[in-house]
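One structure below.
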Amino acid sequence: MRKYLVILALATTTLAGCMQTPTERGLGGAVAGAAIADAMDENMVAGAALGALAGAASCGLPGLPPCRRY
1 MRKYLVILAL
11 ATTTLAGCMQ
21 TPTERGLGGA
31 VAGAAIADAM
41 DENMVAGAAL
51 GALAGAASCG
61 LPGLPPCRRY
């Protein structure tokens with residue numbers, strides 16, 4: 001189970017850098033949050049909400065490409 005979570009975390013971190021807008025990052029975060037919550041037998045809706053917030057807030061973090069505002 002722990003190996004699965006590490007692989008999932010690495011995959012979602014890699015994908016987070018490819019997202020260019022806050023909306024795309026929020027959607028990617030929601031999917032990742034729901035998947036992680038499901039793997040841990042937690043509430044998927046809460047995991048998706050937290051993941052979406054974290055994804056959308058990741059714009060402007062050092063080390064990630066800047067978000068484009070359309």
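Oh and the sequence shown: position 49 is 49 in the UniProt record's numbering, straight run, nothing missing. All C-beta atoms, glycine included, are put in the ideal place defined by N, C-alpha and C. Being a predicted model, the structure only gives us computed values, none of them experimental.
Check whether Ala52 and Ala30 have beta carbons under 7 Å apart: By one-based count along the sequence shown, residue 52 stands at place 52. By one-based count along the sequence shown, residue 30 stands at place 30. Yes.
Spatially closest choice to Leu50 from Pro62, Cys67 and Ile36, by CA coordinates: Position 50 of the sequence shown, counting from 1, holds the residue named residue 50. Among Pro62, Cys67 and Ile36, the Cα nearest to that of Leu50 belongs to Ile36.
Endpoints, the alpha helix (DSSP H) within which residue 73 is located: Given a span of 1 to 70 for the chain in the structure shown, any question on residue 73 remains unanswerable.
Delimiting residues of the alpha helix (DSSP H) encompassing Gly55: Your numbering for residue 55 matches position 55 in the sequence shown. Here the alpha helix (DSSP H) through Gly55 covers Met44 to Ala57.
Nearest-angstrom Cα separation, counted from Leu27 out to Cys67: Taking the sequence shown and counting its residues from 1, one reaches residue 67 at position 67. Taking the sequence shown and counting its residues from 1, one reaches residue 27 at position 27. Approximately 14 Å, taken between the alpha carbons.
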